[in-house]
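There are 2 protein chains.
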Amino acid sequence: MGATTGGGNQGRTLDRALDVLECLERARGPLRLSDIAREADLHLATTQRTVNQLVRRGYVQQGNLGYALGPVVLSLAHGFVVNDRLSTVATPVLTELSSTTRLTSSVFVRSGDERILIARVSGADPLRYQFPIGRRVPLNVGGGKVLLAAWTDEEVDAFALRFPETFLASGRAQGPGDLKRDVESVRENGYYLAESERELGALSLSLPLYDAEKEIAGAINLVTTTDVTSPEELMTWLPELSRGAGAIGARI
Amino acid sequence: MGATTGGGNQGRTLDRALDVLECLERARGPLRLSDIAREADLHLATTQRTVNQLVRRGYVQQGNLGYALGPVVLSLAHGFVVNDRLSTVATPVLTELSSTTRLTSSVFVRSGDERILIARVSGADPLRYQFPIGRRVPLNVGGGKVLLAAWTDEEVDAFALRFPETFLASGRAQGPGDLKRDVESVRENGYYLAESERELGALSLSLPLYDAEKEIAGAINLVTTTDVTSPEELMTWLPELSRGAGAIGARI
DNA sequence: AGAGAAACTATCATCCAATGATAGATGGTG
DNA sequence: CACCATCTATCATTGGATGATAGTTTCTCT
Chain A
1 MGATTGGGNQ GRTLDRALDV LECLERARGP LRLSDIAREA DLHLATTQRT VNQLVRRGYV
61 QQGNLGYALG PVVLSLAHGF VVNDRLSTVA TPVLTELSST TRLTSSVFVR SGDERILIAR
121 VSGADPLRYQ FPIGRRVPLN VGGGKVLLAA WTDEEVDAFA LRFPETFLAS GRAQGPGDLK
181 RDVESVRENG YYLAESEREL GALSLSLPLY DAEKEIAGAI NLVTTTDVTS PEELMTWLPE
241 LSRGAGAIGA RI
Chain B
253 MGATTGGGNQ GRTLDRALDV LECLERARGP LRLSDIAREA DLHLATTQRT VNQLVRRGYV
313 QQGNLGYALG PVVLSLAHGF VVNDRLSTVA TPVLTELSST TRLTSSVFVR SGDERILIAR
373 VSGADPLRYQ FPIGRRVPLN VGGGKVLLAA WTDEEVDAFA LRFPETFLAS GRAQGPGDLK
433 RDVESVRENG YYLAESEREL GALSLSLPLY DAEKEIAGAI NLVTTTDVTS PEELMTWLPE
493 LSRGAGAIGA RI
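Protein chains in written order, with the working numbering: chain A, 1 to 252; chain B, 253 to 504.
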């Protein structure tokens with residue numbers, strides 16, 4: 001089903017085209033025209049016109065197994081990373097941070113009910129993830145919680161209710177109450193330590209990033225695995241991470 | 253016939269939205285609404301509606317200096333790199349190639365009258381380029397010429413006439429005749445050695461990539477600088493590069 | 001602080017491009 | 001060959017995009 005806006009039918013054409021793109025983004029392989037139509041809940045004819053248009057512009061490419069995203073989306077991403085203030089400022093800081101801690105560090109920002117990884121530098125023994133930049137990850141597990149800490153109670157409540165019961169990678173269930181408690185702890189301590197929440201065996205220490213106007217702009221974290229680093233050991237890097245967060249925040 | 257009969261105004265809405273995105277991609281910094289309208293040749297009201305829609309979806313973000321691309325375009329790019337056959341196949345080959353040659357290697361594909369870098373692995377002493385993946389580069393200079401070699405003479409002629417007189421980085425002028433001669437040499441030799449064409453001091457050796465059906469699918473190259481590598485020295489890596497090209501082509 | 005400009009938002013009648021049902025062309029399969 | 005699926009093409013209808021204008025907010029000078 002598409003993410004088309006419920007309130008009023010304005011901007012239908014563009015919304016549908018973006019739905020098509022994002023449905024191809026989620027796809028694990030090439031999609032047939034009819035697959036896209038079903039997935040994005042569009043008429044076949046509409047899908048065809050939209051997809052062909054996207055093909056003409058290079059945003060979608062057609063193989064003999066179906067349609068997939070095209071190379072032009074890479075160009076847009078390039079335009080983002082070379083321009084975006086947070087991206088360009090964060091990268092050198094992460095590089096230094098990963099160099100001193102020998103851990104993987106990353107920066108992500110909120111996007112709707114998700115967060116998007118916009119920068120990452122691998123540590124000494126890199127994690128197994130492949131090209132994570134741009135990946136969408138949930139907002140309600142792991143380091144995502146530090147992004148919620150800047151919201152009002154009402155916003156957090158509304159968000160928490162949208163995710164009634166989430167199962168973490170550790171197997172533990174996380175209800176709205178648990179989420180609110182974690183957000184509270186972030187507000188008190190200024191950081192969040194996550195253990196096997198999004199990924200089993202993953203361990204991460206996350207801090208919010210604030211810009212010059214004290215507005216939340218994203219989050220930074222160090223991530224490792226439980227088999228090489230203990231939570232206590234990871235916590236010793238908190239001052240270093242905090243310094244990195246400050247350095248980034250001061251320049252955006 | 254397939255595309256847009258009679259050059260009518262079909263798919264105007266989407267086309268305009270993509271124009272907006274690409275105008276932000278080209279921009280060197282945040283753009284004001286009126287800048288976008290002028291740049292994309294749109295009415296201000298149309299621009300506003302389109303931009304706001306893109307903001308709502310995260311494709312554009314609004315700062316206090318204007319509009320810029322948003323993080324969601326990174327997600328699309330992520331969807332591309334994890335799915336695209338050529339991207340995933342090429343990366344390990346480039347890694348090995350750069351390891352043995354100690355040079356920077358890359359793969360690019362054609363997109364309209366440009367080529368787009370879809371994979372790159374840095375060599376021993378990395379070039380000064382920042383995050384080049386996704387960058388659009390001209391098709392008529394440097395390694396781009398190997399992509400033209402698979403075209404018919406008519407196509408090459410038509411293309412050459414679209415770029416009447418191009419000035420290379422070395423200062424040399426390249427007319428349509430020069431371009432055609434270079435394309436001929438690619439057809440004969442199977443490779444192209446470029447010296448200070450797109451970038452002053454750059455030296456690159458490029459080969460076309462053919463898929464299982466002998467259709468051209470992109471190009472691969474080794475790139476270095478004239479101050480550390482001589483053309484003759486670079487040419488000694490031709491067998492290695494050719495082997496890499498074959499390995500990629502066999503798997504797509 | 002206040003005047004002026006610029007950036008952005010909102011409204012609305014007109015009309016054209018998007019829509020979707022249908023039919024046709026193409027290609028692969030047993 | 002018949003069958004099924006994918007993709008393409010056509011066209012009347014209509015509803016959403018359009019663009020002119022006016023309004024509101026925000027910045028920038030002096």
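All C-beta atoms, glycine included, are put in the ideal place defined by N, C-alpha and C.
Relative to the C-alpha of residue i, which candidate in the options has its C-alpha closest?
i              : options                           : result
G60 (chain A)  : A:D125, A:D19, A:V81 and A:T91    : Reading the sequence as shown, one finds Val at residue 60 (chain A) and not Gly. It is A:D19.
A499 (chain B) : B:D434, B:L296, B:I472 and B:D293 : B:I472
G58 (chain A)  : B:E274, B:T353 and B:R414         : B:E274
M235 (chain A) : A:K214, A:A250 and A:L207         : A:L207
T100 (chain A) : A:A245, A:W237 and A:S196         : A:W237
P138 (chain A) : A:V121, A:R12, A:L179 and A:P30   : A:L179
A446 (chain B) : B:G429, B:L474 and B:G427         : B:L474
S482 (chain B) : B:A412, B:P323, B:S456 and B:T356 : B:S456
A150 (chain A) : A:K214, A:T225 and A:T95          : A:K214
Y192 (chain A) : A:N140, A:D211 and A:P30          : A:N140
L69 (chain A)  : A:E184, A:V121 and A:R28          : A:R28
D365 (chain B) : B:Y319, B:V408 and B:E492         : B:V408
R172 (chain A) : A:R115, A:S196, A:V82 and A:Q10   : A:S196
R198 (chain A) : A:P71, A:P239, A:G144 and A:P92   : A:G144
S242 (chain A) : A:G190, A:A169, A:V55 and A:R38   : A:G190
D541 (chain B) : B:L400, B:R308 and B:R388         : Beyond the ends of chain B as shown, which are 253 and 504, falls residue 541 (chain B); an answer cannot be given.
I468 (chain B) : B:E485, B:G394, B:V480 and B:A497 : B:A497
S422 (chain B) : B:G394, B:N261 and B:E406         : B:G394
Hey, residue i and residue j: beta-carbon distance below 7 Å or not?
i              : j              : result
F131 (chain A) : L117 (chain A) : no
L328 (chain B) : E188 (chain A) : no
S254 (chain A) : G123 (chain A) : Any answer about residue 254 (chain A) is impossible in this case: the structure gives chain A only from 1 up to 252.
G255 (chain A) : L209 (chain A) : In the structure displayed, chain A extends from 1 to 252; residue 255 (chain A) sits before or after that span and is not available.
L74 (chain A)  : G501 (chain B) : no
L14 (chain A)  : I252 (chain A) : no
A342 (chain B) : A371 (chain B) : yes
R110 (chain A) : G66 (chain A)  : no
V121 (chain A) : L161 (chain A) : no
T53 (chain A)  : G315 (chain B) : First, the amino acid is wrong: residue 53 (chain A) is Gln here, not Thr. Contact: no.
L42 (chain A)  : R16 (chain A)  : yes
I288 (chain B) : T298 (chain B) : no
T152 (chain A) : L127 (chain A) : no
G427 (chain B) : E436 (chain B) : no
V186 (chain A) : V146 (chain A) : yes
Which class does residue i belong to by DSSP, given the choice of helix, strand or coil?
i              : result
V223 (chain A) : strand
T418 (chain B) : strand
D19 (chain A)  : helix
G11 (chain A)  : coil
R362 (chain B) : strand
T4 (chain A)   : Residue placement at T4 (chain A) cannot be trusted, given a pLDDT of 33 that sits under 50; what the coordinates show is reported in the next sentence. Coil, per DSSP.
L65 (chain A)  : coil
V408 (chain B) : helix
V60 (chain A)  : strand
A268 (chain A) : The question about residue 268 (chain A) has no answer here: the residues shown for chain A are numbered 1 through 252.
Quick check on the DSSP output: the beta strand (DSSP E) that includes residue i runs from which residue to which?
i              : result
R367 (chain B) : E366 to V373
R136 (chain A) : R136 to P138
T352 (chain B) : Careful: T352 (chain B) lies outside any beta strand (DSSP E), inside the alpha helix (DSSP H) at R337 to T353.
Starting from residue i, trace the alpha helix (DSSP H) both ways and give me its first and last residue.
i              : result
Q130 (chain A) : No alpha helix (DSSP H) holds Q130 (chain A); DSSP gives it neither H nor E.
A297 (chain B) : L296 to R309
L147 (chain A) : K145 to L148
L33 (chain A)  : L33 to A40
Any heavy atom of the ligand HEM closer than 6 Å to the CB of residue i?
i              : result
S196 (chain A) : Only the bare structure without any ligand can be found here, which leaves the ligand HEM out of the picture.
- Whole alpha helix (DSSP H) runs in the segment 186 to 252 of chain A with 4 or more residues, listed along the chain? Here the runs fully enclosed are 231 to 235 and 238 to 250.
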